[in-house]
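With our numbering as the guide, the letters of the sequence shown map in order to residues 84 to 421.
The beta-carbon is built from N, C-alpha and C at its ideal position, and this holds for glycine as well.
Take a look at the structure below.
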Amino acid sequence: MKVLVTGAAGFIGSHVASRLLDRGWEVVGLDNLNTYYDLRLKEARLARLQRSNCFSFQKISIEDADAISLLFKEAKPKRVVHLAAQAGVRYSIEHPEAYVSSNLVGFATILEGCRHANVGHLVFASTSSVYGASQQIPFSEHGVTDHPVSFYAATKKANEAMAHSYAHLYRLPCTGLRFFTVYGPWGRPDMALFKFTEAILAGKPIQVFNHGKMVRDFTYVDDIVEGICRVLDQPAEPGPDWNGKSPDPATSLAPYRIYNIGNSQPVDLMRYVRVLEECLGRKAIIDFQPMQPGDVPETYADTTELQKAVGYKPDTSIEDGVKRFVDWYLDYYKEIHR
Numbered sequence: 084m085k086v087l088v089t090g091a092a093g094f095i096g097s098h099v100a101s102r103l104l105d106r107g108w109e110v111v112g113l114d115n116l117n118t119y120y121d122l123r124l125k126e127a128r129l130a131r132l133q134r135s136n137c138f139s140f141q142k143i144s145i146e147d148a149d150a151i152s153l154l155f156k157e158a159k160p161k162r163v164v165h166l167a168a169q170a171g172v173r174y175s176i177e178h179p180e181a182y183v184s185s186n187l188v189g190f191a192t193i194l195e196g197c198r199h200a201n202v203g204h205l206v207f208a209s210t211s212s213v214y215g216a217s218q219q220i221p222f223s224e225h226g227v228t229d230h231p232v233s234f235y236a237a238t239k240k241a242n243e244a245m246a247h248s249y250a251h252l253y254r255l256p257c258t259g260l261r262f263f264t265v266y267g268p269w270g271r272p273d274m275a276l277f278k279f280t281e282a283i284l285a286g287k288p289i290q291v292f293n294h295g296k297m298v299r300d301f302t303y304v305d306d307i308v309e310g311i312c313r314v315l316d317q318p319a320e321p322g323p324d325w326n327g328k329s330p331d332p333a334t335s336l337a338p339y340r341i342y343n344i345g346n347s348q349p350v351d352l353m354r355y356v357r358v359l360e361e362c363l364g365r366k367a368i369i370d371f372q373p374m375q376p377g378d379v380p381e382t383y384a385d386t387t388e389l390q391k392a393v394g395y396k397p398d399t400s401i402e403d404g405v406k407r408f409v410d411w412y413l414d415y416y417k418e419i420h421r
């Protein structure tokens, strides 16, 4: 099987590419290697993948329609895992143009590439952020997601609608996966666990928003990857019971599905910090801050549909997951923290 993984030098993308290589699949990796965060980390992830003869890499921006079209024609992937995107809720407040370019224009080029290459299944990343102002906890794919509270979330909501239109018009099987607060080794430096670890080791304060009254469905990266790979193996199919008079947002008459991937065990943010302190053997200096624009106080995934579809539910505890991250971090940055 040949698969295209976009965002292959990214946090989740590099893990997915590695898992598919372990299967013996041929992986074409795509990434533009931008400088949103430390390029050296992206290059290190990529170097691990390039040890395999079954991996090839293309440095391309997904909004470059001509380059993407040529890549699909030459590579002829059978399946696509689309993880390239401009990430970050807070960054979207100051730089919405980056999200229009990558998440909207870029996603459209990927859809067109899949359409013309007759790709058998497109699996793409969405986010728990699409639930926005909803307080129907736990979040279910069957619920309405019409009130995003960040522009990042709005672009991901748009991706789901765009994918559905291609599934309907061109019968392109599309599955969207709503990730819930992913963390783990090789993670992104702009995410809380990475920033907290860096600050604690440096003896600097960590910013804890909403005065610590936050709950998150933290999901370990290996659990996310397992879910992605299982879903990738089962191309989306039309829902035989779908009814336009009472439309279900999670399914369709088109070959289209949406799934949550989360640990389904929401954790108080302050408990998360305490676990990190135990793993590091150091106490955090906490700077409590008010809620940030675009943020939400709680996330909680209902993963019933994922379990029905692929027989899998993420279950790595934060104690195990945070320890694995800390072990990786201390090894990767051993020269700095020696």
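Pairing Leu166 with Lys417, the inter-Cα distance amounts to about 29 angstroms.
Contact between Pro318 and Pro338 holds: their C-beta atoms lie close to 7 angstroms from each other, under 8 angstroms.
For Val99 against Val88, the beta-carbon gap comes to about 6 angstroms, under 8 angstroms, which counts as contact. In this structure, His199 lies away from Ala216, with their beta-carbon atoms at least 7 angstroms apart.
In its chain, beyond the 5 residues on either side, Leu113, Asn115, Ala150, Ile151, Leu154 have a beta carbon closer than 7 angstroms to the beta carbon of Ile143. Taking C-alpha positions only, Lys328 is separated from Gln390 by approximately 27 angstroms. Annotated three-state conformation of Arg162 is strand, per DSSP. In this structure, Cys197 is the residue among Val188, Cys197, Ala170 with its C-alpha nearest to the C-alpha of Arg162. With fewer than 16 other Cβ atoms from the protein chains shown falling within 10 Å of its own Cβ, Ala130 counts as exposed. Under the three-state reduction of DSSP, Ser209 is assigned to strand.
Nearest C-alpha to Pro268 among Gly93, Val202, Ala246, Asp324: Gly93.
Where Asn343 is concerned, there is no enclosing alpha helix (DSSP H), although the beta strand (DSSP E) around it starts and stops at 339-344.
With the rule of 3 Cβ pairs closer than 8 angstroms, the segment 362-378 counts as touching the segment 274-292. A check of alpha carbon separations from Glu320 across Val206, Ile193, Thr387 identifies Val206 as the nearest. A contact is defined here as three or more CB-CB pairs under 8 angstroms, and the segment 272-291 meets this definition with respect to the segment 341-359. Looking from the CA of Tyr303, the closest CA among His247, Gly404, Ala170 belongs to Gly404. As summarised for the segment 303-372, the continuous alpha helix (DSSP H) elements at least 4 residues long and confined to that stretch are 304-315, 352-363, given in chain order. DSSP places Arg261 in the strand class (E or B) of the three-state scheme.
Here the alpha carbon of Ser211 sits roughly 9 angstroms from the alpha carbon of Tyr383.
Straight across, the Cα-Cα distance linking Gly189 with Lys366 is about 42 angstroms. Going by beta carbons, Arg261 and Ser209 fall inside the 7 angstroms limit. The residue from Val308, Gly270, Pro179 with its alpha-carbon nearest to that of Arg106 is Val308. When DSSP states are grouped into helix, strand and coil, Val99 belongs to the helix group. In this structure, DSSP gives Phe222 an extended state, which the three-state scheme calls strand. In this structure, DSSP gives Arg299 an extended state, which the three-state scheme calls strand. Rounded to whole angstroms, Thr258 and Leu352 show a C-alpha spacing of 30 angstroms. Here Asp114 carries a strand assignment [DSSP, helix/strand/coil]. Its chain contains Lys161, Arg162, Pro256, Pro318 as the residues whose beta carbon lies nearer than 7 angstroms to that of Gly203, once the 5 sequence neighbours on both sides are disregarded; these appear in chain order. Collapsing the DSSP output to three states places His178 in coil.
For Leu87, the beta-bridge partners assigned by DSSP are Val111, Val163.
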